[in-house]
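Residue numbers (our numbering): 742 to 1537.
This is the structure in structure tokens:
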């Protein structure tokens, strides 16, 4: 709510300044405990400062009935501080959905610099027309009068930027690109941000405003009060009771067996239901009642008066159900089943001197609580996975512009590939009965996918080896935003995704490859929003999941496929059947992506690629054009960053020392953000806390001087480091330890052979094989035994 309000306030011409709300501490009137109130926004107008708190609709009713004293204290606080402060409560119903959606779209282009020619031509055309002009007509006029027609992305970026900054006004209730635009107040006015409900006026009237959608939406808690009147009339019990009331509403009239059977046949129920309805009429005080007056008695606890639970017993069942039954697996107080819960209820009722209910009565009330919200009850009892299976998968989102939202995801491919000439860290298999062994030969790669949500077009589907890290994610994003197609041309692709630029939102999950200290700052710097797919909402992002499933299914035709399941693979040895290398599979995969883009989507008459091109021609594009600053950031600064500490001899990263003369001006132990390119780690950029970038150079070992000006990728350096560690460990294993040398010296001195050790041969001479050392039992008497340096130390 606060974000939506901020978007609307940003376009309001009356607003002079916007600040986040400052917390206010006060003492609660009931118990005197300190409590903190934090409003969402402080909006400054010409007539004063308005304090706005975004709260649900129920807070309005509580402000008048329950929390009246608290809101009076807050009003007195703001009145003492400044007389011009006013306190408002804003509810979700006060935010117009269409205006919010329109403002969200235009706000992404607020900082977009306008194209000079398009900007002047737009203002001149709208000034001459003196009226609202449809946006498609304005676009066609600009393409006709401009000498050099710009790209459609530049026209859209300039027009949407003028709408976001308030230079133009859009038709309310119509989304781009079909809305009409005009200069402010000629005749369309700029939108006014809603403020909500003034708290002072609410307390003066002492009544909450009527809900815009009718009666209160929130229903009563389960197991305590009955459902609302409108909800009851929609149930089968309500419709049956209303039909019986039409035919029999006076309990003083004798209800014979024949009359009860006749009413039951006409209504479609049993005669027993009719007799129970007569008892409800008598308890309500009929005759002389209307049907709405009878509803509270029809929805009371229990269907039979003799077995109706008392309020005290009902409260015990409700409390124990929440504390014992609706608990997660592994909780110490979780009951094993209905029997344990019924036993706990029986003990609690006996301890309080109440008549314990039967097990069926307990479970009927528990079932009512579960039926009130089955998903929430299942989540509390059985976990998130079980609750997710009950959650509905319906609904849609109004994503109609190309580039308005991208979806991003990754998955392993279902094919084993040959490594070829690439240096890849081998995978290790661990088993309880087998030691760790290196699996040579084939490996599995992964796919990083970017799709356009509006059209379903695959913007980018790149294959990476090893694990997916922040560097791989940023590399794929950079290629998608810049529209690079050189690698696609090498793979034989002829139809490329159209347009380039920055999307408004990127939808991704909360995995470590997407949610980290490298990817999130980059997206914030570029002004790109994120839409997280949380664990409990797996159905969000179905487009990415279906697209990845379609691509991986096409891999099942290749040799070395792992299929999707063990049952589908059978006895096929997937790793032994690996035939394709990286280049071959890359060409096959990119052509499969091209084929996917050239096919129509579900219920579509044109291909995904043609759909995207038509949206661009119509101006229904939300990609922000790349400016000079954007290009400089994408090409040079869109790199993964790591916080490092400046030491006396430089910055230590990747096992290398990075130094520069400019680092001498930074104090030791200062934390800097080091941005590096995974394609070449010889140089990096260290950003100081003040944002100043310093180019640092790595000190490479002497064995890498032969590289010259060739780049040093991070993967290659990691492999070199592994080789260095392996050689070093081998040398350590071959040389004796200091205690072994000391033992050999003492042993030789005891045997009298300390000074007879032969010197090592000169390096220039040809080494001669050392004769084998005879066994101790076969050594002639008087012949000294020369022990090698690898002699195993004696146990004593």
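Don't be surprised by glycine CBs; every beta carbon is placed ideally from N, CA and C.
Residue environment, residue i, which counts as buried when at least 16 other CB atoms sit within 10 Å
i, result
"residue 1072", "exposed"
"residue 1036", "buried"
"residue 846", "buried"
"residue 1011", "exposed"
"residue 880", "buried"
"residue 1486", "exposed"
"residue 1365", "buried"
"residue 1305", "exposed"
"residue 827", "buried"
"residue 1526", "Any answer about residue 1526 is weak, because its pLDDT of 37 lies below 50 and its placement is not dependable; what the coordinates show is given next. Residue 1526 is exposed by the Cβ-count criterion."
"residue 963", "Below a pLDDT of 50, predicted positions are generally treated as unreliable, and residue 963, at 37, falls in that range; the measurement from the model is reported next regardless. Residue 963 should be labelled buried."
"residue 857", "exposed"
"residue 929", "buried"
"residue 1433", "exposed"
"residue 768", "exposed"
"residue 1393", "exposed"
"residue 1390", "exposed"
"residue 1265", "exposed"
"residue 975", "exposed"
"residue 982", "buried"
Best match in the options for proximity to residue i [C-alpha to C-alpha]
i, options, result
"residue 1191", "1219, 1149 and 1231", "1149"
"residue 1110", "1144, 1139, 1066 and 1081", "1066"
"residue 1355", "1337, 1085, 893 and 766", "893"
"residue 1146", "883, 1196, 1343 and 1120", "1196"
"residue 1375", "865, 760 and 1217", "1217"
"residue 779", "771, 1034, 1095 and 792", "792"
"residue 910", "1312, 1104, 922 and 1031", "922"
"residue 1080", "1200, 1102, 1252 and 974", "1102"
"residue 1184", "1436, 986, 1399 and 1319", "1319"
"residue 1377", "1082, 1219, 764 and 1052", "1219"
"residue 1241", "1256, 1223 and 1255", "1223"
"residue 1547", "895, 775 and 1404", "There is simply no residue 1547 to check, as the chain begins at 742 and stops at 1537 in what is shown."
"residue 1326", "1345, 1317, 1353 and 1297", "1297"
"residue 1215", "1261, 1064, 1228 and 1187", "1261"
Opening and closing residue of the alpha helix (DSSP H) in which residue i lies
i, result
"residue 1470", "1455 to 1475"
"residue 860", "857 to 870"
"residue 1116", "1115 to 1123"
"residue 1359", "1349 to 1359"
"residue 1485", "1479 to 1492"
"residue 940", "940 to 946"
"residue 1329", "1323 to 1338"
"residue 847", "838 to 848"
"residue 899", "893 to 905"
"residue 1291", "1283 to 1295"
"residue 1234", "It is not in any alpha helix (DSSP H) - residue 1234 carries neither H nor E in the DSSP assignment."
Cutoff 7 Å; reference residue i; Cβ partners in own chain excluding five residues on either side
i, result
"residue 938", "801, 829, 830 and 950"
"residue 897", "1360 and 1362"
"residue 1288", "1190, 1192 and 1199"
"residue 832", "796, 797, 798, 801 and 937"
Nonlocal neighbours in the same chain, by C-beta distance under 6 Å from residue i, ignoring five residues either side
i, result
"residue 1293", "1155"
"residue 984", "1008"
"residue 812", "804 and 940"
"residue 757", "785"
"residue 1416", "1380, 1382 and 1426"
Opening and closing residue of the beta strand (DSSP E) in which residue i lies
i, result
"residue 759", "758 to 761"
"residue 923", "921 to 923"
"residue 1215", "First-last for residue 1215: 1211 to 1223, but that is the alpha helix (DSSP H), not the beta strand (DSSP E)."
"residue 1038", "No beta strand (DSSP E) holds residue 1038; the alpha helix (DSSP H) holding it covers 1032 to 1039."
"residue 781", "Element bounds for residue 781: n/a, residue is neither H nor E."
Contacts around residue i, its chain only, beta-carbon distance under 8 Å, and the 5 residues preceding and following it disregarded
i, result
"residue 1350", "1198, 1236, 1238, 1239, 1338 and 1339"
"residue 752", "844, 847, 848, 905, 907, 931, 932 and 934"
"residue 1452", "1420, 1421 and 1423"
"residue 1512", "Below a pLDDT of 50, predicted positions are generally treated as unreliable, and residue 1512, at 43, falls in that range; the measurement from the model is reported next regardless. The answer is none, since no qualifying residue turns up."
"residue 816", "828, 940, 941 and 944"
"residue 1069", "1075, 1121, 1122 and 1124"
"residue 1057", "1086, 1089, 1090, 1093 and 1095"
"residue 1303", "1155, 1156, 1157, 1185, 1310 and 1315"
Assumed close pair residue i, residue j - CB separation to whole angstroms, cut-off 8 Å
i, j, result
"residue 1427", "residue 1397", "Contact flag wrong, Cβ pair sits at about 13 Å."
"residue 748", "residue 784", "Contact flag wrong, Cβ pair sits at about 13 Å."
"residue 917", "residue 1245", "Residue 917 to residue 1245, Cβ: 12 Å. No contact."
"residue 1248", "residue 1282", "6 Å"
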